[in-house]
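This report concerns only the one structure given below.
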Amino acid sequence: MTTATIIDGKQFATRLRASIAAQVARLQAEHELTPGLAVVLVGEDPASQVYVRNKGLQAREAGMRSFEQRLPATTTQAELLARIAELNQDPAVNGILVQLPLPARIDPEAVIEAIAVSKDVDGFHPLNAGLLAVGGAAMVPCTPLGCLMLLKDRIGSLAGQRALVLGRSNIVGKPMAALLLREHCTVTIAHSRTRDLAEECRRADILVAAVGKPHMVQGDWIKPGATVIDVGINRVPTPDGKGRLVGDVDFAAAVQVAGAITPVPGGVGPMTIACLLLNTLTAACRQQGLPVPEVGPAVL
Ligand code: GUN
275 MTTATIIDGK QFATRLRASI AAQVARLQAE HELTPGLAVV LVGEDPASQV YVRNKGLQAR
335 EAGMRSFEQR LPATTTQAEL LARIAELNQD PAVNGILVQL PLPARIDPEA VIEAIAVSKD
395 VDGFHPLNAG LLAVGGAAMV PCTPLGCLML LKDRIGSLAG QRALVLGRSN IVGKPMAALL
455 LREHCTVTIA HSRTRDLAEE CRRADILVAA VGKPHMVQGD WIKPGATVID VGINRVPTPD
515 GKGRLVGDVD FAAAVQVAGA ITPVPGGVGP MTIACLLLNT LTAACRQQGL PVPEVGPAVL
């Protein structure tokens, strides 16, 4: 039996970040423009703290300015909105990201809608979601953008492929489906109420799993030779108490059937921050009326 090609997202992301850093250096040299990314964290959720630290570190490594805003868990919605209004006005800030989840008292939709559309590097603002849906110049959510890059790197043209997106979140599933449709795939969105889920998956040439359920996708749900993109990052308990990260796909079984598959960790995960940096670079160029540089594989 042949085993699948492992799609190395870690290596791809490293190359993408280097390519972004080169463009940042060029912008600095030619236009004295240094892209700036503001990351806002409310509260002390440990996982969010790690993400926010990594976003700041990688932005600086790419030569960008990083503005990390750590607000106490007691911050009110009005205070957060006021902070966002300041960042919207600040010309040194080209991209704004408010780390989710927010404390329960704060309405995430109100916060997302307060971010200037042109600085919304998460691509979560309803106007950006709409622009993506109608094929306009949207900021595209980072994780689906990273998935698309890995797919295009592996497959080339996606036209005519049957793609199944498992999960319908605003952060991954819906924008992923919109991107695949834009690439001329025949797209199905499956979710918790889908009938005959295994059968739907088995038809897919491209399977993107983004449901947050460890090992939900079984080996025999996968069409032989399919390309499998596993967005899940689930911590499962281990006897030593440390836990380990697994995806939404049963990797050990899937690797025997798929043509190519992303591992967890080291697949989609590293692409997300790389694409955040790419969106920040894109936002900075658009705000200055400069052409958006080609970075990595052309996907948009
Ligand atoms: N929390 C988990 N993933 C994300 C993301 O992509 N963006 C933001 N803002 N918060 C998150």
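Going by our numbering, the first residue of the sequence shown is number 275, and it counts up by one from there. We treat Cβ as the ideally placed atom computed from N, Cα and C, and that holds for glycine.
Problem set entry | Length at least 3, wholly inside the segment 391-476: the beta strand (DSSP E) runs in chain order | 436-440 and 460-464
Problem set entry | Rounded straight-line distance, which links the Cα of Gln-297 to that of Ile-358 | As a first step, residue 358 is located in the sequence shown; it is residue number 84 there, counting from the start. As a first step, residue 297 is located in the sequence shown; it is residue number 23 there, counting from the start. Approximately 27 Å, taken between the alpha carbons.
For this session: Using three-state DSSP, classify Thr-288 as helix, strand or coil.
Result: Taking the sequence shown and counting its residues from 1, the one referred to as residue 288 is at position 14. DSSP, read as helix, strand or coil, puts Thr-288 in helix.
Exercise. Can you give the Cα-Cα distance for Gly-397 and Leu-405, rounded to whole angstroms?
Worked result: In the sequence shown, the residue the question calls residue 397 occupies position 123. In the sequence shown, the residue the question calls residue 405 occupies position 131. Their Cα atoms are separated by approximately 10 Å.
Exercise. Where does Glu-473 land, buried or exposed, given buried means 16+ other C-beta within 10 angstroms?
Worked result: Position 199 of the sequence shown, counting from 1, holds the residue named residue 473. Under this definition Glu-473 is an exposed residue.
For this session: With a cut-off of 8 Å on the beta carbons, I'd call Val-569 and Ser-293 a contact; round off their distance for me.
Result: By one-based count along the sequence shown, residue 569 stands at place 295. By one-based count along the sequence shown, residue 293 stands at place 19. Right, the Cβ-Cβ distance comes to about 5 Å (below 8 Å), so this counts as a contact.
Problem set entry | Best match in Thr-536, Arg-300, Leu-307 and Asn-368 for proximity to Gly-521 [C-alpha to C-alpha] | By 1-based counting over the sequence shown, the position of residue 521 is 247. Gly-521 has its Cα closest to that of Thr-536, out of Thr-536, Arg-300, Leu-307 and Asn-368.
Problem set entry | contact_flag[the segment 422-429, the segment 461-468] where n(CB pairs < 8 Å) is 3 or more | With a cut-off of 8 Å, the segment 461-468 and the segment 422-429 do not count as touching, because too few Cβ pairs lie within range.
Exercise. Name the DSSP bridge partner or partners of Arg-509?
Worked result: Position 235 of the sequence shown holds residue 509. Arg-509 pairs with Leu-519.
Exercise. Is Leu-331 near the ligand GUN, judged by its Cβ being under 6 Å from some heavy atom?
Worked result: Residue 331 sits at position 57 when you count from the first residue of the sequence shown. Closer than 6 Å to some heavy atom of the ligand GUN: that does not describe the Cβ of Leu-331.
Exercise. Between Gly-493, Thr-308, Pro-375 and Lys-284, which lies nearest to Ala-601 when the distance is taken from Cα to Cα?
Worked result: There is simply no residue 601 to check, as the chain begins at 275 and stops at 574 in what is shown.
Problem set entry | Glu-335, enclosing alpha helix (DSSP H) - first and last residue | Translated into positions along the sequence shown, residue 335 becomes position 61. That run of the alpha helix (DSSP H) goes 320-335.
For this session: Can you tell me the Cβ-Cβ gap for Ala-333 and Ser-340, rounded? I've got them flagged as a contact below 8 Å.
Result: In the sequence shown, the residue the question calls residue 333 occupies position 59. In the sequence shown, the residue the question calls residue 340 occupies position 66. That pair is a contact at about 4 Å.
Exercise. DSSP three-state call for Gln-343: helix, strand or coil?
Worked result: Position 69 of the sequence shown holds residue 343. In the structure shown, Gln-343 sits in a strand (DSSP, three-state: E or B).
For this session: Kindly examine the ligand GUN and report whether one of its heavy atoms sits closer than 6 Å to the Cβ of Leu-227.
Result: Outside the shown range of the chain (275 to 574) lies residue 227, about which nothing can therefore be said.
Problem set entry | Cβ contact (3+ pairs, closer than 8 Å) linking the segment 307-326 and the segment 280-291 | no
Problem set entry | Rounded C-alpha distance that separates Arg-509 from Gly-486 | Counting from one through the sequence shown, the residue named residue 509 turns up at place 235. Counting from one through the sequence shown, the residue named residue 486 turns up at place 212. Computed Cα separation, rounded: 10 Å.
Problem set entry | Beta-carbon contacts of Val-372 that lie in its chain and below 6 Å, excluding the five residues immediately before and after | Along the sequence shown, one-based indexing puts residue 372 at 98. The answer, listed in chain order, is Val-314 and Val-385.
Problem set entry | C-alpha gap between Gln-351 and Arg-477, whole angstroms | As a working mapping, residue 351 is identified with position 77 in the sequence shown. As a working mapping, residue 477 is identified with position 203 in the sequence shown. C-alpha separation (whole angstroms): 45 Å.
For this session: Using the Cα positions of Thr-417 and Ala-390, report the straight-line distance between them to the nearest angstrom.
Result: The residue you call residue 417 lines up with position 143 of the sequence shown. The residue you call residue 390 lines up with position 116 of the sequence shown. Rounded to whole angstroms, Thr-417 to Ala-390 spans 20 Å at the Cα level.
For this session: Less than 8 Å between the CB atoms is what I'm expecting for Ile-233 and Val-529, so what's the real figure, rounded?
Result: Residue 233 cannot be examined here, being either before or after the span of the chain that is shown, 275 to 574.
For this session: Measuring alpha carbon to alpha carbon, tell me which of Gly-434, Ala-452, Gln-435 and Ala-433 ends up nearest Gly-441.
Result: What you label residue 441 is simply residue 167 of the sequence shown in a count that begins at 1. Closest option to Gly-441, Cα to Cα, is Ala-452.
Exercise. I think Cys-459 touches Ile-429, with their Cβ atoms under 8 Å apart; what is that distance to the nearest whole Å?
Worked result: Position 185 of the sequence shown, counting from 1, holds the residue named residue 459. Position 155 of the sequence shown, counting from 1, holds the residue named residue 429. Not really, about 10 Å apart at Cβ, beyond 8 Å.
Exercise. Roughly how many whole angstroms lie between the Cα atoms of Leu-471 and Thr-546?
Worked result: In the sequence shown, the residue the question calls residue 471 occupies position 197. In the sequence shown, the residue the question calls residue 546 occupies position 272. Approximately 27 Å, taken between the alpha carbons.
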